[in-house]
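Accompanying notes for the structure given below.
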Amino acid sequence: MLRKKIQIGKLLVEKNLVNQEQLDKAIIQQNLTGKRLGQTLIDLGYIQESKLLEIIAQQLNIPFIDLKTYALKPEIVNQLPELYARNHRAIVLSRENSAFLVGMVDPQNVIAYDELQRQLKSPIHLALVSELDLLKIIDIMYRHGTEISSLSEELSEELTKNDFDASQLTVGLSSSDAPVVKLLQTIFNDAVQVNASDVHIEPAEVGLRIRQRIDGILHEQILKDKQVAPALTLRLKLMAGLNITEKRLPQDGRFSIKIREKNFDVRLSTMPVQYGESVVMRLLNQSAELFGLDHVGIPHHMLLKLRRIITMPNGILLVTGPTGSGKTTTLYSVLKELNTPEKKIISVEDPVEYRMARVNQIQVQPKLDLTFARVLRSVLRQDPDIIMIGELRDQETVSIALRASMTGHFVLSTLHTNDAISSAIRLIDMEAERYLVSAALRAVIAQRLVRRICQNCITEYKLTAQEKNWLSAINGYDYTDLIFKQGIGCPYCHNTGYKGQMGVFEFLEITPYLSEALRLDDTAEFRRAAREDKEFKPLVLSGLDLVGRGITTISEVMRVSGEGTIDIPSEVKSDAFI
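Here the sequence shown stands for residues 956 to 1533, where the numbers follow our numbering.
Structure representation (structure tokens):
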């Protein structure tokens, strides 16, 4: 049966799953795209993929395996090299006695079947799997941890064998065959494959620790070869144009690299630590499309107010939150909406993270005395309509930004504070004039990133005693009718229960009353009035809205908002409890 080709179109028409007219259209489309007929029918919406695969599996008398729920074991999957898995659209599912169960997208591909049997050196039984699910699983299961370890050992052996110090690795390193280059390529490939935002290379007493930040959480791999760390650090310094002889002081640099046909800017930071130099790299995907405001995740009621604020001819909009909370992404989303031929936009950044057409982007360079304050003084003579400042770091930058907003410019910037209410007070603590802050500040967005529950392994969840106590502290909100969710862990989410991230936002508009409180130096009244504003929703309640919709978990909201008692006026309601 496997060697007898199924006429899938004729079969589906006979079973009344598609009609002849739909089949004819699909065949025409197939001739244009070159895709398989079954996939073309799915793309056109004539049949669901699950139904099609069930029919094919029945005809071939083999099982259909849903990879979303199948428990895969890395040691079994890796029996087949990644190259053959990708080329033949196949994956090893399990082993029983001396035979392998192999999932294939096209079980009737005789050439692939014979090649898989030769590679596995054992009899194989076939199952049918979804191509889309298979490609996702291959990216997840074929991590480069083993390859990184083997390349690390190879590099360590070479360093020991040749008996020279790491500085001699600068000779002849242009060859892509050098182990240090191969190791770095593999580290970068692995990071991009799992969508890591940062890579940490940390020398330890007994070896080297490589950690990747995935969805805001670090995952680590430990290499036992101590000699590898100096070689990696040296090579990365060369790539970033840093001083390779300076090991006692921190250094910052950047370089560009192409990984999997995508262009990345890599921001690199070195820091002397006990056993060498720690290196942290932030990966910025320049090939990724910048999201607009509609796709950032800002709730609709906040988005309406934000769009009204950014159409004002002058004033300041602040985005606040800790490092890695998505502030820059939000600012770029605002810029994307404001970026029209009628407006001149200038951004002053450290560093420039994403390139944006029509925006005049300037990178500060403190070594050349090209600071935020110095650049801003010149920027105002460039006749901008909108100015984006990467961060309000000092009193001089704050003062220039405030005065720019008072002279017909709209200013966007970030600030490091815990919440929106603290931001206005923080500006005053930075010795800004009260009357300028009260007159110029239009709104503040505070934000955090929470991890999304993996939709492949999502299930209902019962609250712990600690979580119940934490919820009860929010003015006694009744959460008994809510259904809480969590992810139990699967191959798609690396068994974490989470896949991807989403922003949680707090939006404070500076009303005339709040502006007057700032001007009169009444900090206590400002805080009280801001919290009692019926349109102001604290960060924790925005997080609970996502919990009520089954997007994230209580533990994630607790992680980003703190576990203390939440002081929220009783009249402020969360959508999750309405």
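Glycine included, C-beta positions come from ideal geometry on N, C-alpha and C.
Here the alpha carbon of residue 1022 sits roughly 12 angstroms from the alpha carbon of residue 1057.
In this structure, residue 1473 sits near residue 1481, with a CB-CB distance shorter than 8 angstroms. Bridge partners of residue 1302 according to DSSP: 1316, 1343. Residue 1007 places its beta carbon less than 8 angstroms from that of residue 993. Taken atom to atom, the span from the alpha-carbon of residue 1253 to that of residue 1458 is near 7 angstroms. Secondary structure at residue 998: helix, using DSSP grouped into helix, strand and coil.
When rounded, the separation of the alpha-carbon atoms in residue 1283 and residue 967 is 50 angstroms. Between the C-alpha atoms of residue 1449 and residue 1139 there is a straight-line separation of about 23 angstroms. Look at residue 1401 here: in three-state DSSP terms it is strand. Rounded to whole angstroms, residue 1145 and residue 1213 show a C-alpha spacing of 13 angstroms.
In this structure, the alpha-carbon of residue 1325 lies about 23 angstroms from that of residue 1194. Taking all protein chains in view, the Cβ of residue 1302 is crowded by 16 or more other Cβ atoms within 10 Å, so the residue is classified as buried. Just so you know, the alpha carbons of residue 1338 and residue 1332 end up roughly 12 angstroms apart. CA-to-CA, the gap between residue 998 and residue 1241 works out to about 29 angstroms. By the C-beta density criterion, residue 1501 is buried, having at least 16 other C-beta atoms within 10 angstroms.
Under the three-state reduction of DSSP, residue 1082 is assigned to strand. Burial of residue 1157 is indicated by the presence of at least 16 other C-beta atoms within 10 angstroms of its C-beta.
In this structure, the straight-line span from the alpha carbon of residue 981 to that of residue 1012 is close to 21 angstroms.
With a cutoff of 8 angstroms on beta-carbon distance, residue 1276 and residue 1171 are scored as not near each other. Between residue 1019 and residue 1087, the CB-CB gap reaches or exceeds 8 angstroms.
Using a C-beta cut-off of 8 angstroms, the segment 1046-1064 makes contact with the segment 1072-1083, since at least three inter-stretch Cβ pairs fall below that distance.
The beta carbon of residue 1061 is closer than 8 angstroms to those of 991, 1044, 1067 in its chain, skipping five residues each way along the sequence. Between residue 1270 and residue 1395 a beta carbon distance of about 6 angstroms is seen, short of the 8 angstroms cut, so the two are scored as contacting.
The beta carbons of residue 1247 and residue 1292 sit closer together than 8 angstroms. Uninterrupted alpha helix (DSSP H) stretches at least 4 residues long and entirely within the segment 1440-1528 occur at 1467-1474, 1478-1486, 1494-1503, 1509-1516, given in chain order. Around the C-beta of residue 1364, 16 or more other C-beta atoms lie within 10 Å, and the residue is accordingly described as buried. Secondary structure at residue 977: helix, using DSSP grouped into helix, strand and coil. For a cut-off of 8 angstroms, the C-beta gap from residue 1184 to residue 1231 is around 5 angstroms, short enough to register as a contact. Excluding its 5 nearest sequence neighbours in each direction, residue 1191 has C-beta neighbours in its own chain below 7 angstroms: 1223, 1234, listed in chain order.
For residue 1403, the closest of 1040, 1024, 1516, 1166 by C-alpha to C-alpha distance is 1516.
In summary, residue 996 is buried, with 16 or more beta-carbon neighbours lying within 10 Å of its beta-carbon over all protein chains present.
Look at the beta carbons and you see the segment 1404-1416 touching the segment 1439-1449: at least three pairs across the two are nearer than 8 angstroms. Beta-bridge pairing by DSSP links residue 1213 to 1218.
Here residue 1466 is not near residue 1380, since their CB atoms are 8 angstroms or more apart.
DSSP places residue 1338 in the coil class of the three-state scheme, outside both helix and strand. Each of 1384, 1046, 1360, 1342 was checked against the Cα of residue 1091, and the nearest Cα belongs to 1046.
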